[in-house]
Amino acid sequence: MTIAPSRPEPGNTEATSSTAAAAPGYDRADWASAFRNVGTELTAVPLAAASGTIPSELSGSLYRNGPGRLERGGQWVHHPFDGDGMITAVRFESGAACLSNRFVRTEGWLAEEKAGKVLYRGVFGSQKPGGPLANAFDLRLKNIANTHVVRLGEKLLALWEASSPHSLDPVSLETEGVDLLDGVLAGGEAFSAHPRFDPGHHGQERMVTFGVKAGPRSTIRLMEFDASSGDGAGQLVADQKRSFNGFAFLHDFAITPNWAVFLQNAMSFNPLGFVLGWKGAAQCLGSKPGESGQFWLIPRSGEGEPLQISAPEGFVFHHLNAFEDPTAGAAGQVVVDSIFYDDFPSIGPGVDFRAVDFDTLPIGQLKRCRIDLASGEVSTELLEERCCEFAMVNPRRVGLEARYAWMAVTEQERGNAPLQAIEKLDLSTGERRTWSAAPRGFVSEPVMVPRPLPEAATADSPSVEPSEDDGWILCVVWNGARCASDLVILNAADLSEQAVLPMPLALPHGLHGSWAAA
Ligand code: CO
């Protein structure tokens, strides 16, 4: 395997004080070439570094999820979010890496594989063959398990927010089936694809997550699971339900030690087009211009009433993090950092996603909202003007004030474009660094992996708290020159390139993933 000639040289980083690029730094055909079916399933294939070396301390597995099948029987999905979930795993040990990938054997995937044609409609507008008549009144959901993949105890869970998780073998990636988490979930119950991992705010690592039952009045079920590696791993430790007026569209949330923070966008839902067969369910969502959304703060203790507070205008899919600032205001503040769009970005009927005009899409910008708990007032600050998505902090800082954020950004500093660079943002000084895969590379969500902590400290030799940016960034990059995917390892502190591992795999632009330490 050879490295693409266009790959930036190792150490190609810059402190981004330079001005915006004048012309688009990418070729649309390179970006669109990633939209394809994954044609192979690999088992523990060793990966060689085309440049650099794999850090020997990196010990564990990177799991990625995303749509792996975008076409069947000549029929393309209307939106890539409707593609069947395919899990990629890269396992690291002693400076070596190996790659496996498997489609999630969902009921829908198995049935369509057997039939050789599309049998289900997709939430984002993909249709069965035969036009509206063939689609009308078919309101079955195909659980495509394509959004996120996380470890919970011994289980590896592929998540899709509208229905049950699927569990997979963490090593072989073979699908074990729909998993109701030891009876915690009812069959088909919504289960978010955005759990948050509490690093130990209450003395124990937890996976905090939720499910939404949406309607004119919506109910959020907030669940907390033991996410330690101990005996109780995977067990439910807290569970509550809270109802709010309005149709809830909640993809993500954030946590602090005391609060679960939701941002309810100002959205309407008119299911007529879905029922009549010419729209997907998500295409029936509309923003309500001029109306603002609401923060819903649910006390994690289950005691006391939730708070409902007006949010700034805009649409949010993803949050970076949240934390509590007890010193601000009379009763403290909850601070939440989110990626705001001016409007709900959707692809209407009759538009080919591969031909989408980036200039017409709203851009995502990172903003900080300080919610004053006494007055209910919210102040907003723009943290990053450059179009960004998929932001995260060091996993040990989830729910706490974090110094640094890592995110996928556009190569150009203004306007919209495909995501081609990784940015590290210092949230206290505003200082930025970027690593770029442009012009022919396209990044996905960066996953920050902290360097493993030293052996348990003793009273005689207390361990030094490691710097928050001590670790690595792992990122799957679409290499347009090679028409295949690379795994890129960066130093999290300065974004210098540690290694590039070309993969014998072509992965469509993906969604979310996570790191599971060995
Ligand atoms: Co998401």
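Quick note: to get my numbering, add 8 to the position in the sequence shown (first position is 1).
Even glycine gets a Cβ: it sits at the ideal position worked out from N, Cα and C.
It should be emphasised that the depicted structure is a prediction, and the values quoted were computed from it without experimental measurement.
Let me know if residue i comes out buried or exposed under the rule of 16 or more other beta-carbons within 10 Å of its beta-carbon.
i                 : result
glycine 93        : buried
threonine 48      : exposed
leucine 578       : Not covered by the structure: residue 578. The range shown for the chain is 9 to 526.
glycine 133       : buried
alanine 30        : Reliability of the predicted coordinates at alanine 30 is poor, the pLDDT of 44 falling under 50, and no value is obtained from them.
cysteine 377      : buried
threonine 27      : Only weak support is given to the placement of threonine 27: the predicted model assigns it a pLDDT of 41, under 50, and the question is left unresolved by the model.
arginine 225      : exposed
glutamate 393     : exposed
glutamate 232     : buried
lysine 150        : buried
methionine 511    : buried
tryptophan 523    : buried
glutamine 506     : buried
phenylalanine 199 : buried
phenylalanine 145 : exposed
arginine 148      : exposed
aspartate 177     : exposed
leucine 118       : exposed
threonine 368     : exposed
valine 545        : Here the chain covers residues 9 to 526 and nothing more, so residue 545 does not appear.
proline 334       : exposed
lysine 296        : exposed
serine 25         : Residue confidence for serine 25 is low, a pLDDT of 37 falling below 50, so the modelled location carries little weight; the figure read from the coordinates is stated next. When all chains shown are included, serine 25 counts as exposed.
In terms of alpha-carbon separation, which member of the options lies closest to residue i?
i                 : options                        : result
serine 545        : Ala507, Val485, Pro460, Glu505 : No answer is possible for residue 545: it lies beyond the span of the chain, which begins at 9 and ends at 526.
arginine 99       : Ile62, Arg113, Glu121          : Ile62
glycine 528       : Phe366, Phe348, Ala330, Arg376 : Past the boundaries of the shown model lies residue 528; the chain is included only from 9 to 526, so the question cannot be answered.
glutamate 463     : Glu473, Arg72, Glu121          : Glu473
aspartate 434     : Arg405, Leu391, Phe450         : Leu391
phenylalanine 352 : Arg411, Glu453, Ala194, Ala290 : Ala290
glutamine 302     : Ala338, Asp367, Phe261, Arg77  : Phe261
lysine 432        : Val342, Gly337, Phe348, Arg411 : Arg411
leucine 509       : Ala501, Arg490, Gly521         : Arg490
leucine 165       : Phe145, Leu147, Leu188         : Leu188
glycine 91        : Leu515, Arg36, Gly185          : Leu515
aspartate 477     : Thr368, Arg404, Leu315         : Arg404
glycine 438       : Trp414, Ala429, Asn424         : Trp414
valine 485        : Pro426, Leu315, Ala241, Gln316 : Pro426
alanine 256       : His210, Val220, Ser236         : Val220
serine 137        : Ala429, Ile481, Gln83, Leu284  : Per the sequence shown, residue 137 should be read as proline rather than serine. Closest by alpha carbon: Gln83.
glycine 281       : Asp190, Ala123, Asn143         : Asn143
tryptophan 39     : Glu397, Met400, Ala525, Phe361 : Phe361
alanine 241       : Phe366, Ala501, Arg214         : Arg214
glutamate 397     : Val343, Ser475, Phe348, Gly130 : Phe348
valine 236        : Phe218, Ile228, Thr227, His209 : According to the sequence shown, residue 236 is serine rather than valine. With distances taken between Cα atoms, serine 236 lies closest to His209.
glutamate 162     : Ala170, Ser175, Gly310, Ser504 : Ser175
arginine 113      : Gln243, Thr264, Val186, Asp502 : Val186
phenylalanine 89  : Ala525, His517, Gly521, Ala526 : His517
isoleucine 379    : Ala338, Val359, Gln373, Glu419 : Ala338
alanine 123       : Ile371, Ile263, Gly81, Leu141  : Gly81
isoleucine 481    : Leu495, Asp502, Ser475, Val455 : Val455
glycine 449       : Asn424, Val496, Gly479         : Val496
alanine 52        : Arg441, Leu78, Ala104, Val192  : Ala104
Compute the beta-carbon to beta-carbon distance between residue i and residue j, rounded to the nearest angstrom, for a pair I have assumed lies under 8 Å.
i             : j              : result
aspartate 234 : glutamine 248  : Not a contact, Cβ separation roughly 16 Å.
valine 386    : proline 320    : 7 Å
serine 493    : asparagine 487 : 7 Å
leucine 50    : serine 102     : That belief does not hold up - the Cβ atoms of leucine 50 and serine 102 are roughly 21 Å apart, past 8 Å.
leucine 519   : glycine 74     : 5 Å
serine 300    : valine 324     : The pair is not a contact, with the Cβ atoms about 12 Å apart (cut-off 8 Å).
alanine 416   : glutamate 453  : 6 Å
aspartate 350 : glycine 322    : 6 Å
threonine 341 : leucine 381    : The displayed chain sequence assigns glutamine, not threonine, to residue 341. About 6 Å separates the two Cβ atoms, so the contact holds.
serine 64     : alanine 97     : Going by Cβ atoms, the distance from serine 64 to alanine 97 rounds to 19 Å, so no, they are not a contact pair.
Quick one: give me the first and last residue of the alpha helix (DSSP H) that residue i is part of.
i          : result
leucine 55 : Element bounds for leucine 55: not the alpha helix (DSSP H) but the beta strand (DSSP E), 53 to 55.
alanine 37 : 36 to 40
For the beta strand (DSSP E) holding residue i, just list the boundary residues, first then last.
i              : result
serine 295     : 293 to 295
asparagine 532 : Residue 532 lies beyond the range of the chain shown here (9 to 526); nothing can be said about it.
serine 86      : Note on identity: in this sequence residue 86 is histidine, with serine being the wrong assignment. Run containing histidine 86: none; DSSP gives neither H nor E here.
alanine 166    : 163 to 167
tryptophan 286 : No beta strand (DSSP E) holds tryptophan 286; DSSP gives it neither H nor E.
methionine 215 : 214 to 221
lysine 375     : 373 to 380
serine 69      : 68 to 77
arginine 159   : 156 to 160
With a floor of 3 residues, list each beta strand (DSSP E) that falls wholly inside the segment 458 to 501, ordered by position along the chain. Qualifying beta strand (DSSP E) stretches, in chain order: 479 to 487, 492 to 499.
Which ranges does the beta strand (DSSP E) cover as unbroken runs of at least 3 residues, wholly within the segment 97 to 145, from first to last along the chain? Taken in chain order, the complete beta strand (DSSP E) segments of 3 or more residues contained in the segment 97 to 145 are 104 to 111.
Kindly provide the ranges of any alpha helix (DSSP H) runs that are 4 or more residues long and lie completely inside the segment 223 to 260, ordered along the chain. Counting whole runs of 4 or more residues, the segment 223 to 260 contains no alpha helix (DSSP H) stretch at all.
Report the residue ranges of all beta strand (DSSP E) runs contained in full by the segment 383 to 458; include only those spanning at least 3 residues, in chain order. With a minimum length of 3 residues, the continuous beta strand (DSSP E) runs that stay inside the segment 383 to 458 are 386 to 392, 396 to 400, 412 to 418, 427 to 434, 440 to 444, 449 to 451, 455 to 458.
Which complete beta strand (DSSP E) runs does the segment 305 to 361 hold, if anything under 3 residues is left out? Fully enclosed beta strand (DSSP E) runs of 3 or longer: 315 to 318, 323 to 333, 341 to 349.
Can you list the beta strand (DSSP E) stretches of 3 or more residues lying completely in the segment 165 to 207, in chain order? Contiguous beta strand (DSSP E) elements confined to the segment 165 to 207 occur at 174 to 176, 183 to 186, 204 to 206, taking only those with 3 or more residues.
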